[in-house]
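Below: one structure, written as structure tokens.
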Ligand SMILES: [Zn+2]
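Residue numbers (the working numbering), protein chains in the order written: chain A, 5 to 78; chain B, 786 to 1272.
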């Protein structure tokens, strides 16, 4: 399975629905995007995911850090 | 909610709620809560929150059955002025300015210490192994391009890592949380928020921050969790004050012993992991646009406690106005008013309801020329105002800052753009404001819409119109006739 947002294949099952077999949720271990199997294709299909919200995996380490990590005290 | 009886006695009298459920009963009795009995898809809940906030005096919406989940969800609990008034035990038709004045009066009762209770219902069930947050909480995506399910209305109790059970060092705040695993969350802790101060201290020592994430609290506790107060002040002592002197009930969390709101539906305990950052967001935020994706802190869940049939309370936020704008309206206005009033008793009221105080209207008496501008600059040096306030309009004492028609009147008839408009460059700002450039910096705008006073050059005297004699009498006659005609 491919992450709809960052197109990597590091995707795993997050959970099955607690009641019945209603849906599964998946999560991407690269960009932490998660989605439910019953959501519309603009949230679940890598080809249909809004290009403005796509993430390139290589951009993640350069994202703004909030809050900044302070220096360690000895 | 089947186990709850509608309280007897007159609703609308001053009343303090100790949990969410008793407030939902009042809302329903007042016609300010609707139930959706049919099963809904989880992702419909966000749309219903948007829809209810679009209505005048929109109700809270309780979803009894959410597809694939065991437990109910409620949204838009604070999402109208009627619900806001009922939260304070006031009549649901109470005008906004009256609600402001009442909150302002109760604010001065601070501190009202809490009552410690044992056997809180939230501690009836505790899971510490094989934790799966989805088993207990009916989670859903709020806005289309949110990066996952978010907790948008959690009351987060965070403790001093050195002294986790200390009452005085406990903070209560609302910070957005992204669900990232069965026992893992992301948290947005901004440096100027209290939790940011705690996290920074703990991370310098490489220590985790113990936290308890409380969902479905009584309405004043949730209100207080998003109220800006000083770092050394206690939110719990303010809850007692805002409940008109009725002490808040608190209890120890099940495994970490943090002092938490006793009435909450669900309490998630865990730790903010020190020195860890991970991709979080975007999330549809209160300025009506998505935040970017950022590297943010991570929470490891170690226990979840809950009442029987826990109700998950969450809020929709979108283009204003939505529930969050009602929640953060007067709880931003009153503390800013108190801070201003402390140095300038001339200040009459503060309306900081626009996007958590990015826009503020101050009404003040003017003692001499330039006074209005000075009051605005004081606002920009308050702890909340420093980062959030960007556009400040100052009006005369007879202009009601909650009445936008009157504010526009003041702007159109008092402002000389050449001398009354000032821009103050390169100040702290709110990074979620998309006009903040770079994120975290603001240029500030002050519009002094007060009437000129000496030694400022007063080119023409302004003689205000007053209502003709008999206006009050005619108001009474006409409204009686209208009432009779509508019968
Ligand atoms: Zn991904």
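Just so it is clear, CB atoms sit at the ideal spot from N, CA and C, and this is done for glycine as well.
Just so we're clear, the structure is a prediction, and the values are computed from it rather than from any experiment.
Which stretch, first to last residue, makes up the beta strand (DSSP E) that contains residue 1233/B? Your numbering for residue 1233/B matches position 448 in the second chain. That run of the beta strand (DSSP E) goes 1226–1234.
Whole angstroms are fine: how far does the CA of residue 807/B sit from the CA of residue 788/B? Position 3 of the second chain, counting from 1, holds the residue named residue 788/B. Position 22 of the second chain, counting from 1, holds the residue named residue 807/B. Low local confidence applies: a pLDDT of 44 at residue 788/B is under 50, so the model's placement there is unreliable, and no value is given.
Among 926/B, 1147/B and 1260/B, which one has its Cα closest to the Cα of residue 827/B? What you label residue 827/B is simply residue 42 of the second chain in a count that begins at 1. The closest CA to that of residue 827/B, considering only 926/B, 1147/B and 1260/B, is found on 926/B.
Near residue 1205/B, which residues of its chain fall below 6 Å by C-beta distance, leaving aside the five closest residues on each side in sequence? By 1-based counting over the second chain, the position of residue 1205/B is 420. Taken in chain order, the residues that qualify are 1233.
Assigned exposure category for residue 898/B - 16 Cβ within 10 Å defines buried: The sequence position of residue 898/B within the second chain is 113, counting from 1. Around the beta-carbon of residue 898/B, fewer than 16 other beta-carbon atoms lie within 10 Å, marking it exposed.
Residue 934/B: CB within 7 Å of a non-hydrogen atom of ligand 1: As a first step, residue 934/B is located in the second chain; it is residue number 149 there, counting from the start. False, no ligand heavy atom lies under 7 Å from that Cβ.
Under 8 Å Cβ-Cβ, which residues of chain B neighbour residue 77/A? Locating residue 77/A in the first chain gives position 73, counting from the first residue. Listed along chain B, the residues sitting closer than 8 Å to residue 77/A by beta-carbon distance are 989 and 990.
Mind checking whether residue 849/B and residue 1093/B have CB atoms under 8 Å apart? Position 64 of the second chain, counted from the start, is the residue given in the question as residue 849/B. Position 308 of the second chain, counted from the start, is the residue given in the question as residue 1093/B. In this structure, residue 1093/B does not lie closer than 8 Å to residue 849/B by Cβ.
From residue 929/B to residue 1131/B, what does the alpha carbon distance come to, in whole angstroms? Counting from one through the second chain, the residue named residue 929/B turns up at place 144. Counting from one through the second chain, the residue named residue 1131/B turns up at place 346. Each residue's alpha carbon lies about 46 Å from the other.
Determine the DSSP secondary structure at residue 39/A, reduced to helix, strand or coil. Start at 1 with the first residue of the first chain, and residue 39/A comes out as number 35. Correct three-state label for residue 39/A: strand.
Tell me whether residue 839/B sits in a helix, a strand or coil according to DSSP, three-state version. Position 54 of the second chain holds residue 839/B. When DSSP states are grouped into helix, strand and coil, residue 839/B belongs to the helix group.
Find the nearest neighbour of residue 21/A within the set 1129/B, 920/B and 845/B, judged by alpha-carbon distance. Here residue 21/A refers to the residue found at position 17 when the first chain is read from its first residue. Checking every option, the nearest Cα to that of residue 21/A belongs to 920/B.
How far does the beta strand (DSSP E) with residue 1181/B in it extend, from its first residue to its last? Position 396 of the second chain holds residue 1181/B. Residues 1176–1181.
Quick check: the Cα distance between residue 1180/B and residue 1070/B, rounded to an integer number of angstroms? One-based indexing of the second chain puts residue 1180/B at position 395. One-based indexing of the second chain puts residue 1070/B at position 285. Taking the CA atoms as reference points, residue 1180/B sits about 30 Å from residue 1070/B.
With DSSP collapsed to three states, give me the class of residue 920/B. For the purposes of this step, residue 920/B is taken as residue 135 along the second chain, with counting starting at 1. DSSP places residue 920/B in helix when its eight states are reduced to three.
How would you write the range of the alpha helix (DSSP H) that residue 1007/B sits in, first residue to last? Residue mapping note: residue 1007/B aligns to position 222 of the second chain, counting from 1. For residue 1007/B, the enclosing alpha helix (DSSP H) starts and ends at 1004–1010.
Would you check if the distance between the CB atom of residue 818/B and the CB atom of residue 847/B is smaller than 8 Å? Locating residue 818/B in the second chain gives position 33, where the first residue counts as 1. Locating residue 847/B in the second chain gives position 62, where the first residue counts as 1. Yes, the Cβ-Cβ distance between residue 818/B and residue 847/B is below 8 Å.
Near ligand 1, which residues have their beta-carbon closer than 5 Å to a heavy atom? In chain order, the residues that have a beta carbon nearer than 5 Å to some heavy atom of ligand 1 are 7/A, 9/A, 10/A, 32/A, 34/A, 35/A and 37/A.
Simplified DSSP assignment, three categories, for residue 20/A: Walking along the first chain from the start, residue 20/A turns up at place 16. Three-state result, residue 20/A: strand.
Roughly how many whole angstroms lie between the Cα atoms of residue 852/B and residue 915/B? Sequence index remark: in the second chain, residue 852/B carries index 67 (1-based). Sequence index remark: in the second chain, residue 915/B carries index 130 (1-based). Using only the alpha carbons, I get a separation of about 22 Å.
Please confirm whether residue 945/B and residue 954/B have their CB atoms less than 8 Å apart. Locating residue 945/B in the second chain gives position 160, where the first residue counts as 1. Locating residue 954/B in the second chain gives position 169, where the first residue counts as 1. For the pair residue 945/B and residue 954/B, the CB atoms are nearer than the 8 Å cut-off.
What is the rounded straight-line gap between the Cα of residue 1263/B and the Cα of residue 1270/B? Here the question's residue 1263/B lines up with position 478 in the second chain. Here the question's residue 1270/B lines up with position 485 in the second chain. Cα to Cα, residue 1263/B sits roughly 10 Å from residue 1270/B.
Could you tell me which of 1018/B, 1064/B, 1209/B and 1146/B sits nearest to residue 59/A, measuring between CA atoms? Along the first chain, one-based indexing puts residue 59/A at 55. If we check each option's Cα against that of residue 59/A, 1064/B comes out closest.
Is there a C-beta anywhere in chain A that falls below 8 Å from the one on residue 919/B? Counting from one through the second chain, the residue named residue 919/B turns up at place 134. For residue 919/B, the answer is yes, since a Cβ of chain A falls inside 8 Å of its Cβ.
Test item: CB-CB of residue 1040/B and residue 1087/B under 8 Å: For the purposes of this step, residue 1040/B is taken as the residue at position 255 of the second chain. For the purposes of this step, residue 1087/B is taken as the residue at position 302 of the second chain. Cβ distance < 8 Å, so residue 1040/B and residue 1087/B count as in contact.
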